[in-house]
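Chemist:
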Amino acid sequence: LVRADFSGTDLSGAIRMNSTFANCTLLTNVDFTDTDLSNVEYMNSTFSSCTSLTSILVTKSLLPKVKYFSQTYYGCTSLVTVEMDFPTAVYYTGCFTNCTSLTSLTLKNAVELGSISHIAEGCSSLNSFVLVNCSYKDVYFYFNDGFIAAFKNCTSLQSIDLSSLSLSEGRHKAQFNDMFYGCTNLTSVTLPSVGDYSSSIYYGGPMWLQNMFKGCTSLRELNMTGWNLQQVVDMESMFEDCSSLREIDL
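Numbering-wise (my numbering), the sequence shown opens with residue 235 and increments by one.
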């Protein structure tokens with residue numbers, strides 16, 4: 235399959251498009267012009283391993299109710315620049331894992347993020363990750379895995395600023411384990427403040443930080459002021475192999 239034409243098709247009854255085009259390695263384009271996808275909520279693995287795909291094909295006007303983007307573009311190795319603007323989206327778990335050509339990723343207007351775990355894991359060319367008007371709010375507690383391995387092995391990433399991310403109060407599990415594991419060129423990290431957040435998570439629930447910065451061999455300084463660490467239960471290997479790290483502010 236190289237091209238699919240759904241233009242003018244009424245798919246208003248569809249709620250799930252999980253794995254619809256998964257493993258279509260020659261797919262380059264799907265025409266959704268005037269297609270009614272107004273009730274679709276699930277886009278999990280929809281284009282997974284579509285290794286010839288060069289653009290994301292869908293927009294917020296096409297998907298006004300979408301919530302799930304888990305592994306949607308997993309292994310899409312030809313994607314280079316992506317902007318996601320879906321105000322209803324909750325889960326981006328593994329959305330771009332192993333998109334090895336991806337250099338720039340922007341999330342916009344995601345006001346109820348439930349998870350960005352593994353979102354860019356293995357994106358070895360990624361050098362820009364930008365959040366615009368995004369806030370983290372655990373809507374569905376049992377599926378929440380927070381920030382696990384969000385940027386693991388992003389070996390081209392040199393700096394990242396997450397300070398604009400609003401962490402809403404709620405019943406959260408604060409999982410930051412493996413978040414920057416293996417980011418060997420990372421020199422600057424600006425983290426969101428989690429002071430109020432961590433004291434309210436699941437009414438004083440646990441926080442996991444194991445392997446968070448493991449192998450960040452270029453990181454020299456880290457500012458974690460504003461973090462409430464009273465609920466930390468695991469920080470094993472948090473700074474292991476951070477051979478250039480000289481200062482941590484808490």
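All C-beta atoms in this analysis are idealised placements derived from N, C-alpha and C, irrespective of residue type, glycine included.
From a predicted model like this one, the values you see are computed outputs, not experimental measurements.
State the beta-bridge partners of I394 as determined by DSSP.
Modeler: Translated into positions along the sequence shown, residue 394 becomes position 160. Paired residues: V423.
Chemist: Rounded to whole angstroms, what's the CA-CA distance from T340 to V316? Just pull it up for me.
Modeler: Stepping through the sequence shown from its first residue, residue 340 is reached at position 106. Stepping through the sequence shown from its first residue, residue 316 is reached at position 82. Whole-angstrom Cα-Cα distance: 6 Å.
Chemist: Looking at C-alpha atoms only, which residue of P426, K301, N257, F410 is the closest neighbour of A344?
Modeler: One-based indexing of the sequence shown puts residue 344 at position 110. Checked all of P426, K301, N257, F410; the closest Cα to A344 is K301.
Chemist: Can you round the beta-carbon distance between L347 and C368 to whole angstroms, since I take them to be within the 8 Å contact cut?
Modeler: For this step, residue 347 is matched to residue 113 along the sequence shown. For this step, residue 368 is matched to residue 134 along the sequence shown. With 8 Å as the limit, L347 and C368 qualify as a contact, their Cβ atoms being about 6 Å apart.
Chemist: Can you check whether the CB of W442 is closer than 8 Å to the CB of Q409?
Modeler: Here residue 409 refers to the residue found at position 175 when the sequence shown is read from its first residue. Here residue 442 refers to the residue found at position 208 when the sequence shown is read from its first residue. It is a contact, given that the beta carbons lie within the stated cut-off.
Chemist: Identify, in the order they occur along the chain, each residue of the same chain with its Cβ nearer than 6 Å to the Cβ of F363, setting aside the five sequence neighbours on each side.
Modeler: Position 129 of the sequence shown holds residue 363. For F363, where only same-chain residues beyond five positions count, the Cβ hits under 6 Å are L339, I394.
Chemist: Could you spell out where the beta strand (DSSP E) holding R237 opens and where it closes?
Modeler: The count along the sequence shown starts at 1 and reaches residue 237 at position 3. R237 -> beta strand (DSSP E) spans 237-239.
Chemist: Is the separation between the beta-carbon of T424 and that of S452 shorter than 8 Å?
Modeler: Locating residue 424 in the sequence shown gives position 190, counting from the first residue. Locating residue 452 in the sequence shown gives position 218, counting from the first residue. No.
Chemist: For A408, list the residues DSSP reports as bridge partners.
Modeler: Looking up residue 408 in the sequence shown gives position 174. Paired residue(s): M441.
Chemist: Apply the 10 Å Cβ neighbour rule to G356 and answer buried if 16 or more other Cβ atoms are within range, or exposed otherwise.
Modeler: Along the sequence shown, one-based indexing puts residue 356 at 122. G356 is buried by the Cβ-count criterion.
Chemist: So what's K342 in DSSP terms, helix, strand or just coil?
Modeler: Mapped onto the sequence shown, residue 342 falls at position 108. Of the three classes helix, strand and coil, the one that applies to K342 here is strand, per DSSP.
Chemist: Let me check one thing: in DSSP terms, what residues is S349 bridge-paired to?
Modeler: If you number the sequence shown from 1, residue 349 lands on position 115. Answer by DSSP bridge pairing, in chain order: Y325, G380.
Chemist: Just to confirm, is the Cβ distance from L260 to V236 under 8 Å?
Modeler: Translated into the one-based positions of the sequence shown, residue 260 becomes position 26. Translated into the one-based positions of the sequence shown, residue 236 becomes position 2. Contact flag set, yes.
Chemist: Any idea what DSSP makes of N252, helix, strand or coil?
Modeler: Along the sequence shown, one-based indexing puts residue 252 at 18. Looking at N252 - three-state DSSP - the assignment turns out to be coil, as it is neither helix nor strand.
Chemist: Give the DSSP-derived three-state secondary structure of D475 in the structure shown.
Modeler: The residue labelled residue 475 in the question sits at position 241 within the sequence shown. In this structure, D475 counts as coil in the three-state DSSP scheme.
Chemist: Could you give the C-beta distance for S358 and T334, rounded to a whole number, given that I count them as a contact under 8 Å?
Modeler: In the sequence shown, the residue the question calls residue 358 occupies position 124. In the sequence shown, the residue the question calls residue 334 occupies position 100. Indeed they touch by this definition, with Cβ atoms about 5 Å apart.
Chemist: Suppose you measure from the CA of S246 to the CA of K294; what does that come to, to the nearest Å?
Modeler: Taking the sequence shown and counting its residues from 1, one reaches residue 246 at position 12. Taking the sequence shown and counting its residues from 1, one reaches residue 294 at position 60. Using only the alpha carbons, I get a separation of about 15 Å.
Chemist: Assuming N387 and Y370 are in contact, meaning their beta carbons sit under 8 Å apart, how far apart are those beta carbons, in whole angstroms?
Modeler: Mapped onto the sequence shown, residue 387 falls at position 153. Mapped onto the sequence shown, residue 370 falls at position 136. Rounded, the Cβ-Cβ distance is 23 Å, inconsistent with contact.
Chemist: Please classify F363: does DSSP put it in a helix, a strand, or coil?
Modeler: Residue 363 sits at position 129 when you count from the first residue of the sequence shown. Three-state result, F363: strand.
Chemist: What are the boundary residues of the beta strand (DSSP E) that D265 is part of?
Modeler: Position 31 of the sequence shown, counted from the start, is the residue given in the question as residue 265. Start and end: 263-265.
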